[in-house]
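Trainee:
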């Protein structure tokens with residue numbers, strides 16, 4: 007009985023080994039159809055990140071581009087493009103795609119797209135402050151009323 011258990015554990019350990027190295031490919035994809043920076047870009051990033059074989063995703067609304075790092079052994083360029091086109095009932099379209107092989111780079115390494123455009127940060131709203139109209143400071147207003 008012990009020999010059978012040891013044999014099964016050995017077979018399981020050998021079967022679980024992944025001898026295939028990660029073939030990292032960087033895809034720079036033009037994306038058309040994004041209407042805003044605070045929901046479209048994070049939505050695309052979230053959906054692409056959920057795809058098996060996607061190592062890192064950065065989406066920039068301002069540049070209308072996505073940078074996707076994939077494991078080419080797991081997912082293909084065509085699968086990524088088709089995923090983008092299927093999002094939001096097909097409202098996103100892809101343009102030019104630049105492909106590059108990445109050797110020795112980490113999936114969390116920052117690349118050409120800046121991270122501020124991929125995440126919505128409530129402390130930095132996308133509203134311009136160029137207008138001369140400003141709301142009064144409510145605390146100073148209340149303080150002046152109470153004094």
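Numbering (my numbering), first residue to last: 7 to 153.
We treat Cβ as the ideally placed atom computed from N, Cα and C, and that holds for glycine.
1) Are residue 51 and residue 64 closer than 9 Å when you measure CB to CB?
2) Touch check for the stretch 77-95 and the stretch 31-45: three-plus C-beta pairs under 8 Å?
3) Compare the C-alpha of residue 92 against each of 108, 37, 66 and 150 and name the closest.
4) Excluding the 5 residues flanking residue 104 on each side, which residues of the same chain have their C-beta closer than 6 Å to its C-beta?
5) Could you please give the first and the last residue of the uninterrupted beta strand (DSSP E) stretch that includes residue 108?
6) Residue 79 and residue 28 look like a contact to me (Cβ under 8 Å); what is the Cβ gap, rounded to whole Å?
Mentor: Inspection of the coordinates gives the following:
1) yes
2) Yes: at least three Cβ pairs fall under 8 Å.
3) It is 37.
4) Cβ neighbours of residue 104 beyond the five flanking positions: 34.
5) 99-108
6) 7 Å
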